[in-house]
Amino acid sequence: MIYLDNNATTSLDPQVWKAIEEIYCGPPLNPSSIHQFGQKAKGYLQSSLNQIAKYFQVSPGELILTSGATEAINLLIQGFSQKGHIVCSSLEHPAALQALTKMEAGGRAVTYLSPHPFKGAITLSQIEEAVREDTRLLIFMAANNETGVKTSIEDIADFALRRNLFLIVDGVAALGKDEWKMHPGISGMCFSSHKIHGPQGVGLCIVRNHYPLSPQIVGGAQQKGRRGGTENVAGVVGFAKALSLIDSQAISRMNQLRNQFEERICQCLPDVLIHGKEEPRVCNVSNIAFLGIEGESLLIQLDLAGVLASHGSACTSGGLLPSRVLLQMGLPKEMAQASLRFSISRFTTEVEIGQAAEIIINSVINLRKLYHGK
Ligand code: PLP
121 MIYLDNNATT SLDPQVWKAI EEIYCGPPLN PSSIHQFGQK AKGYLQSSLN
171 QIAKYFQVSP GELILTSGAT EAINLLIQGF SQKGHIVCSS LEHPAALQAL
221 TKMEAGGRAV TYLSPHPFKG AITLSQIEEA VREDTRLLIF MAANNETGVK
271 TSIEDIADFA LRRNLFLIVD GVAALGKDEW KMHPGISGMC FSSHKIHGPQ
321 GVGLCIVRNH YPLSPQIVGG AQQKGRRGGT ENVAGVVGFA KALSLIDSQA
371 ISRMNQLRNQ FEERICQCLP DVLIHGKEEP RVCNVSNIAF LGIEGESLLI
421 QLDLAGVLAS HGSACTSGGL LPSRVLLQMG LPKEMAQASL RFSISRFTTE
471 VEIGQAAEII INSVINLRKL YHGK
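Counting with the working numbering, you get residues 121 to 494 for the letters of the sequence shown.
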């Protein structure tokens, strides 16, 4: 199988497994217990938090561990304990958008910005225009999980600082795929371990700049009461290990592989369009429209031929709907319907990329013949 769906989830890095295996096979560990096993758990937790904080260049007290990025972004949005208007992008992950819908139901005003046609991100000038006297919070993703197009977070964070606005950034699709720094204008960020070869069920929020946050999961004094519930000790150890394995050489290698893949497909197939190709993109995503065919049929053909990709985001791929993100970018429905996302990881090889490209090319040629007789 050639796995090109790494934005849905990634394989566990064997080194991460090694780090957590001894915890799963060892004594029961609850960091809230007073006895010696509890102290051992606390030790694991604290040293992992220190490593994670060092990676992000923040202090351990600025981290809140969660069950994943969905919970993290919900906490950042629904826990935002201030009134005021919110500006965000319509391209955000459903986790953010649905949390915002709840905020609207509670009376909060939200402005959703859509990108200029065929662009994959919101510009600073669009944000400047949308911000009002009563705006308090901005929400933007660092990179889009479906197209890989990057948002100019540095510029937005500068603006947030200048205007004294809170800024939440969804960093999930950028982590391990782009070089970046924690900008002082960012108030809150969310990340997920399973997108970077760490275990599933672990994520985190970085909460800075006196971000006004009220807890959403209560019922325990863990994490200073900011998120109740026994910490996932093995998960956090695995997340810290996965972060330590991110390296910039892998980023440039993935970029090279992704470009090779796109070049080969464009060389051999007419009528293909790579979404966001002219925009700054993270290194691992290629979202391609194969005009004249149904993406869903291609996805099934590829699955049978051993290439695993995605149609829309993993969360919506159960349905036949075209990608919401591509529609928001102004693509006609048929073009969005004809698009598939391929996402690679640092474990994807050149051989796999070459084989996948040939399988895709042949499948598209066959489907076009079937649909149109040519
Ligand atoms: N944000 C983005 C950009 C994502 O791609 C995802 C998952 O696909 C999430 C948030 C949610 O992450 P998790 O699976 O950890 O809940």
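The C-beta atom is built at its ideal place from N, Cα and C for all residues, glycine as well.
Of the heavy atoms belonging to the ligand PLP, none sits nearer than 7 Å to the Cβ of Ile385. In this structure, Asn127 has its beta carbon less than 7 Å from a heavy atom of the ligand PLP.
Residue environment: Tyr331 is assigned as buried (16 or more neighbouring CB atoms within 10 Å of its CB, all protein chains considered).
When distances are taken from the beta-carbon of Thr190 to the heavy atoms of the ligand PLP, the shortest one is below 7 Å. The beta carbon of Gln343 sits closer than 7 Å to those of Ile184 and Leu185, all from its chain and outside the five residues before and after it, given in chain order. Placement of the Cβ of Ile193 at a distance of less than 7 Å from at least one heavy atom of the ligand PLP is found.
The C-alpha of Ser152 is placed about 35 Å away from the C-alpha of Lys203. Taking a cut-off of 8 Å on C-beta distances, the segment 400-411 touches the segment 259-272, as three or more cross pairs fall below it. In this structure, Trp300 is the residue among Ile259, Phe286 and Trp300 with its C-alpha nearest to the C-alpha of Glu274. Counting other Cβ atoms within 10 Å of its Cβ, His492 stays below 16 and is therefore classed as exposed. Around the beta carbon of Met121, a 10 Å sphere encloses fewer than 16 other beta carbons of the protein chains shown; the residue is thus reported as exposed. Annotated three-state conformation of His395 is coil, per DSSP.
In the DSSP assignment, Gly308 falls within the beta strand (DSSP E) that extends over Gly308 to Ser312. Scanning the segment 262-324 from its first residue to its last, the whole beta strand (DSSP E) runs of 3-plus residues come out as 286-290 and 308-312. With contacts defined as CB atoms closer than 8 Å, Val230 and Leu220 qualify as a contacting pair. Residue pairing by DSSP places Phe381 in no beta bridge whatsoever.
The beta carbon of Val484 is closer than 6 Å to those of Leu389 and Phe410 in its chain, skipping five residues each way along the sequence. Residue environment analysis places Gln457 among the buried positions, since at least 16 neighbouring C-beta atoms fall within 10 angstroms of its C-beta. Note that the segment 361-379 does not touch the segment 444-459; fewer than 3 beta-carbon pairs, one per stretch, sit closer than 8 Å. In this chain, the beta strand (DSSP E) harbouring Asn407 covers Val405 to Phe410. Rounded to whole angstroms, the gap between the alpha carbons of Cys386 and Val289 is 33 Å.
Relative to the non-hydrogen atoms of the ligand PLP, the Cβ of Asn407 never comes closer than 7 Å to any of them.
Shortest gap from the CB of His431 to any heavy atom of the ligand PLP: 7 Å or more. At the C-beta level, Gln246 and Thr129 stay beyond 8 Å of one another. Rounded to the nearest whole angstrom, the CA to CA distance from Trp137 to Gln448 is 39 Å.
In the three-state reduction of the DSSP assignment, Ile122 falls in the strand class, which pools E and B. Residue pairing by DSSP places Phe157 in no beta bridge whatsoever. By the criterion of a C-beta distance shorter than 6 Å, Ala215 is surrounded in its chain by Thr190 and Ile193, once the five residues flanking it on both sides are discounted. In the displayed model, Arg466 falls within coil according to three-state DSSP, outside both helix and strand.
When DSSP states are grouped into helix, strand and coil, Arg461 belongs to the strand group. Shortest gap from the CB of Met121 to any heavy atom of the ligand PLP: 7 Å or more. Contact between Ser406 and Phe462 holds: CB atoms are separated by about 5 Å, below the 8 Å threshold. With a 10 Å radius around the Cβ and a threshold of 16 neighbouring Cβ atoms, Ala341 comes out exposed.
Around the beta carbon of Ser465, 16 or more other beta carbons lie within 10 angstroms, which makes this residue buried. Annotation for Ile184: the continuous beta strand (DSSP E) segment containing it runs Leu183 to Thr186. No Cβ-Cβ contact shorter than 8 Å links Ile276 with Leu295.
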